[in-house]
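K.L.:
Number 81 in full-length UniProt numbering belongs to position 81 of the sequence shown; there are no gaps in the numbering.
Glycine included, C-beta positions come from ideal geometry on N, C-alpha and C.
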Amino acid sequence: MESSTSGRVELPTAFEEAHIDQLAQLIGDMLERLMAHNDQIPLLPESLTRFHSRSAPSITVLDYLKRIVKFTNVEKSCLLITLHYIDQICARMPLFTLSSLTCHRFIIASITVSSKGLCDSFCTNSLYAKVGGISVTELNILEREFLSAIDWRLMCTREILQEYYVNLVRTHSTGQFFISGSQSPISVSSDSDIEMDSEHSPPPSPSEAPSRARHRTRLSVNETSTILIDPGTISQDVTRRPTLEQNMAFAALQQSQDTTTTDKGGDG
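The following block contains the structure:
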């Protein structure tokens, strides 16, 4: 529902009642800002993962999400839980950043894993791979890497998903969305088919305003969820040497980028 006076868009109180295209728009907006932030962090050999591509895909994150929604009939909970998986992986892999080189592969791996783990019906890997623009072999590798990165902890409470939803609405870059009947976080019951034991709760961390470098969401279960990782903590908290595979991948990435730069220069 859109307000005729202010031009703002009213969204339902519960994320389950929101249109999935609106959820995709909210998530896409947040991820684009996250990518813009993390793209400023210098890429190091030890930070390379299976999710890194040699160049940023030309399709925007929002269009990528819309493509997934259109061709896979992904459920709303699977879109939102991608944010929870970001939290988990950033907590377990401090050097990992969701950037323009990793975001798209992370998303398709997340949708594949969550749909299989949480939904009664889901697509084949060949379809997920086709929609995601990668090979089936590559998706299979990403799926295994993803599950290992989150320690196979696929579940989370509905309450957490609702808090992600509320925060996405509150922090949208245009400020055009608001939740029906409330401008503040909504307390909801944790009864849900998507449950997680307390021992699998996200690791606690301090809370800050979303406009800062570290974008966080306060959860009503008295926990905190980190969406953006702080680049200032990367060199301080984690010190390890890159593996041989990472060094080789980093060299190949640099060579690919140098070739692309040379080709562009030649075209000029």
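(1) Using DSSP with H/G/I as helix, E/B as strand and the rest coil, what is L31?
(2) Could you tell me the alpha carbon to alpha carbon distance between D29 and G117, rounded to whole angstroms?
(3) Determine which residues share a DSSP beta bridge with L11 and list them.
(4) Could you give the residue range of the alpha helix (DSSP H) that holds E143?
(5) Smallest Cα separation from S99: which of T174, S47 and C123?
(6) Which first and last residues belong to the alpha helix (DSSP H) in which D87 is found?
(7) State the Cα-Cα distance for the pair G181 and L11, rounded to the nearest angstrom.
(8) Sorted by chain position, which residues of the same chain lie with C-beta nearer than 8 Å to L65's C-beta, five sequence neighbours on each side aside?
(9) Distance, Cα to Cα, P57 vs L44?
(10) Less than 8 Å between the beta carbons of I141 and R50, yes or no?
(11) Considering only the beta carbon of each residue, do G132 and L139 sit closer than 8 Å?
(12) So what does DSSP say about I59, is it helix, strand or coil?
(13) Hey, quick one: how far does the alpha helix (DSSP H) through residue 347 stretch, first residue to last?
(14) What residue range does the alpha helix (DSSP H) around E163 cover?
(15) Just to confirm, is the Cβ distance from L147 to V169 under 8 Å?
(16) Spatial neighbours of E16 within its chain, please: CB distance less than 7 Å, with the 5 preceding and 5 following residues excluded, ordered by chain position.
(17) In this structure, how does DSSP classify F96 when only helix, strand and coil are distinguished?
(18) Does the separation of the CB atoms of I81 and C156 fall below 8 Å?
(19) At the level of alpha carbons, what is the spacing between V61 and R153?
(20) With a threshold of 8 Å between beta-carbons, can Q176 be considered close to chain D, or not?
(21) How is the alpha helix (DSSP H) around N125 delimited, first residue to last?
(22) Using 8 Å for Cβ pairs, my map puts I179 next to Y85. What's the rounded Cβ distance?
(23) Quick one: residues in its chain with C-beta nearer than 6 Å to the C-beta of E32, no 5 flanking neighbours on either side, listed in chain order?
(24) Buried or exposed, going by whether 16 or more other CB atoms sit within 10 Å of the CB of S121?
(25) Rounding to the nearest angstrom, what Cα-Cα distance links T72 and S115 in this structure?
(26) Using only the alpha-carbon positions, how far apart do R144 and H19 sit?
(27) Can you tell me whether Q162 is buried or exposed, with buried defined as 16 or more other CB within 10 angstroms of its CB?
P.N.:
The structure says:
(1) helix
(2) 26 Å
(3) I179
(4) V136 to A149
(5) S47
(6) K76 to R92
(7) It is roughly 9 Å from the alpha-carbon of G181 to the alpha-carbon of L11.
(8) A24, I27, G28, L79 and I107
(9) 20 Å
(10) yes
(11) yes
(12) Residue state, collapsed to three classes: coil.
(13) The displayed coordinates of the chain run from 1 to 268. Any statement about residue 347 would go beyond what the structure contains.
(14) R158 to R170
(15) no
(16) If we look at E16 and ignore the five residues flanking it on each side, its Cβ neighbours are K76.
(17) Coil.
(18) The answer is yes: Cβ separation under 8 Å.
(19) V61 and R153 have their C-alpha atoms some 25 Å from each other.
(20) No chain D appears in the structure shown, which is made up of a single protein chain.
(21) N125 to G132
(22) Going by Cβ atoms, the distance from I179 to Y85 rounds to 24 Å, so no, they are not a contact pair.
(23) V61
(24) Exposed, by the Cβ-count rule.
(25) T72 and S115 have their C-alpha atoms roughly 10 Å apart.
(26) 31 Å
(27) buried
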